[in-house]
Amino acid sequence: MTPIGPTNIELAEALEQMAEVLVRQGESNPYRMQAYLQAAGMIREHPEPVARVYGDGGREALTSLPGIGVSLAHHIAQYVETGRIGLRDRLLRADDPAALLATVPGVGERLASRLVVELGVESLAELERAAHDGRLQELDGVGPRRTEAIRLQLNSILNRSSRRRARRLRRQVAQLASAQRRAEATAEQATEAAAEQGEVQPADDARPVATIYSLFPPAAA
32 MTPIGPTNIE LAEALEQMAE VLVRQGESNP YRMQAYLQAA GMIREHPEPV ARVYGDGGRE
92 ALTSLPGIGV SLAHHIAQYV ETGRIGLRDR LLRADDPAAL LATVPGVGER LASRLVVELG
152 VESLAELERA AHDGRLQELD GVGPRRTEAI RLQLNSILNR SSRRRARRLR RQVAQLASAQ
212 RRAEATAEQA TEAAAEQGEV QPADDARPVA TIYSLFPPAA A
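With my numbering, letter number 95 in the sequence shown gets 126, and the count goes up by one each step, no holes.
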């Protein structure tokens, strides 16, 4: 079978890194760190790619794995879909900005440290700005080709989260519209039933009307 998404080792290392950062930051809840480490150990030894488990059954399938709860399933799903974990990025930025920058393909630890020291870059958004305004290209040993490669990686990383938000909003709008249609159908049925029984209903303009405004053009949710 063709591998999909990150390997089990990559997923395990991401969770272990989060636990390591929490230790350095003095996390007061040992069970939280233990959960990450136990999940990492399970994933590392799991006979099937966990990314495939998620691809076949979504987050519900992930929570069926030993030691994987809703929160961990969310982190794993993020990593499978985007190659990032939002919480890990936030932890790394607070703990060591260079470690966060080094997770971008094409950057590496040495360049990441130089970005922090020489350019004052401490986030992915700041790195993207440096790639666009010429500061990154001007660093010794970087040049235009490497800058373009890093810029493309960042564009992919940062835009994927925007697309996910757009899809989520479209689903929410569709759900609201569906709920409104069901409510209108129920009200219409009640009106018809009342009319058959000779009951008087309030005028149409006396009933509250919910309006759903479309945030996006018609598209697949």
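Just so it is clear, CB atoms sit at the ideal spot from N, CA and C, and this is done for glycine as well.
Extent of the continuous alpha helix (DSSP H) run through residue i
| i | result |
| --- | --- |
| residue 121 | 117-126 |
| residue 105 | 101-113 |
| residue 139 | 139-145 |
| residue 94 | 81-94 |
| residue 152 | Where residue 152 is concerned, there is no enclosing alpha helix (DSSP H), given that its DSSP letter is neither H nor E. |
| residue 39 | 39-55 |
| residue 133 | No alpha helix (DSSP H) holds residue 133; DSSP gives it neither H nor E. |
| residue 68 | 61-76 |
Between the CA atoms of residue j and residue i - distance to the nearest angstrom
| i | j | result |
| --- | --- | --- |
| residue 319 | residue 147 | This structure cannot speak to residue 319, because the chain is shown only from 32 to 252. |
| residue 105 | residue 225 | 47 angstroms |
| residue 101 | residue 93 | 8 angstroms |
| residue 52 | residue 86 | 29 angstroms |
| residue 189 | residue 145 | 22 angstroms |
| residue 163 | residue 98 | 43 angstroms |
| residue 166 | residue 113 | 27 angstroms |
| residue 172 | residue 115 | 27 angstroms |
| residue 79 | residue 181 | 32 angstroms |
| residue 74 | residue 213 | 43 angstroms |
Beta carbon of residue i nearer than 7 angstroms to that of residue j
| i | j | result |
| --- | --- | --- |
| residue 135 | residue 184 | yes |
| residue 131 | residue 138 | no |
| residue 70 | residue 46 | yes |
| residue 129 | residue 108 | no |
| residue 63 | residue 126 | no |
| residue 119 | residue 49 | yes |
Residues near residue i in its chain [Cβ-Cβ closer than 6 angstroms; skip 5 each side]
| i | result |
| --- | --- |
| residue 168 | 175 and 178 |
| residue 103 | 70 |
The ligand NAD heavy atom lying under 6 angstroms from the CB of residue i
| i | result |
| --- | --- |
| residue 36 | No copy of the ligand NAD appears in this structure; indeed no ligand is present at all. |
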